[in-house]
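Asker: Residue numbers for the sequence shown, in our numbering: 16 to 200.
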Amino acid sequence: AYFNRHFSRCYCSNCYGPSKPNVLTTANSKFTVPRGWVSFGIQLDKAFASDNGIFKNWYTTFYGTSKDKLSEIIRNRFIPFPGDDLLSGEKFILNLSDQNHVYTSPSINYASLSHVCPVDRMNINNNFYDFQVVLRCKQNPADVQKFASGKPNACELLPNDNIQWKTDQRSSVLPISLLIRATKS
16 AYFNRHFSRC YCSNCYGPSK PNVLTTANSK FTVPRGWVSF GIQLDKAFAS
66 DNGIFKNWYT TFYGTSKDKL SEIIRNRFIP FPGDDLLSGE KFILNLSDQN
116 HVYTSPSINY ASLSHVCPVD RMNINNNFYD FQVVLRCKQN PADVQKFASG
166 KPNACELLPN DNIQWKTDQR SSVLPISLLI RATKS
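See the structure below:
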């Protein structure tokens, strides 16, 4: 089983009201609350999580992706690097110029920009919905490089000067939940 209901949560306006914070802090690092998204907890390796203190010592980040990459990533248990051989025997392919890093963001708003997180359309009972998928992750703070976005004002909640993060450390970005946002088209 890949999912753990214990860590699932809804961030709609009814379940996560306007009086609740928009930004939280973990491991002395701020991250945005995924308002308007639904979170499905991912089963973790409990020994790894405990030994590394990931919920106390690792940053919370977001990794924008497509529905086509989800099963590969979740099965792998870590965010793979472009070109990595996966457990399925396939290569993890991303069309990025930088094939030597994994890119994340402490901002759900930045991680869900369409250039990294495509919008897909689905027909449900003759109603069309646009949806996106993002993985909320715990990220080892060692060797994280933080830099400004090429898209100013991508997130009004966090400063632009360190909104995009990258790492060259394998197995250092661990998905902890699948976030889905669906809006009626």
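C-beta: ideal position from N, C-alpha, C; glycine also.
Predicted model only: the values in this text are computed from it and were never measured.
1) Rounded to whole angstroms, what is the Cα-Cα separation between GLY79 and LYS35?
2) Examine the Cβ distances between the region 111–120 and the region 82–90 and report whether three or more of them are shorter than 8 Å.
3) In three-state terms, what does DSSP make of ARG185?
4) What does DSSP give as the partner residue(s) for SER192 in the beta ladder?
5) Do SER127 and VAL149 have their C-beta atoms closer together than 8 Å?
6) Judging by CA-CA distance, which residue of VAL134, PHE55, ASN37, ASN67 is the nearest neighbour of LEU193?
7) Between ASN43 and LYS71, what straight-line distance do the alpha-carbon atoms span, to the nearest angstrom?
8) For ASP145, collect the residues of the same chain with a Cβ closer than 6 Å to its Cβ; drop the 5 residues on either side in sequence, then sort them by chain order.
Answerer: Well, looking at it:
1) 24 Å
2) no
3) coil
4) GLY56, ARG151
5) yes
6) PHE55
7) 10 Å
8) VAL134, ARG136, THR198, SER200
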